[in-house]
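Participant: This is the structure I have questions about; it appears just below.
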Amino acid sequence: MSDHALVIGEALIDAVRRADGSLTEHPGGSPANVALGLSRLGRDAEPAHLDWRRCPR
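Just so we're aligned, residue 95 is where the sequence shown starts under our numbering, counting upward by one.
Written as structure tokens, this is what we have:
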């Protein structure tokens, strides 16, 4: 078994608006959280990515 994990799924931006009206954006989504959790456990993990500009139309 490989020690490397390739995580596949959507990448999202979590936007948080505070009571004072300020807005902060954080990378998120379930696959990102899984990759982060695996890396915190010492596993080599990376998210898969696809460049939609290169897909045939």
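Glycine is no exception: its CB is placed at the ideal position from the N, C-alpha and C atoms.
Just so you know, these numbers come straight off a predicted model, no measurement behind them.
May I ask which residues mark the beginning and end of the alpha helix (DSSP H) holding Leu-106?
Facilitator: Here Leu-106 belongs to no alpha helix (DSSP H); instead the beta strand (DSSP E) covers 106-111.
Participant: Work out the CA separation of Gly-131 and Glu-140 for me, nearest whole Å.
Facilitator: Distance between the alpha carbons of Glu-140 and Gly-131 is about 11 Å.
Participant: Return the bridge partner residues of His-98 from the DSSP annotation.
Facilitator: DSSP lists Asp-138 as partners of His-98.
Participant: Taking the beta strand (DSSP E) that Gly-123 falls in, what are its first and last residues?
Facilitator: Neither: Gly-123 is in no beta strand (DSSP E) and is coded neither H nor E.
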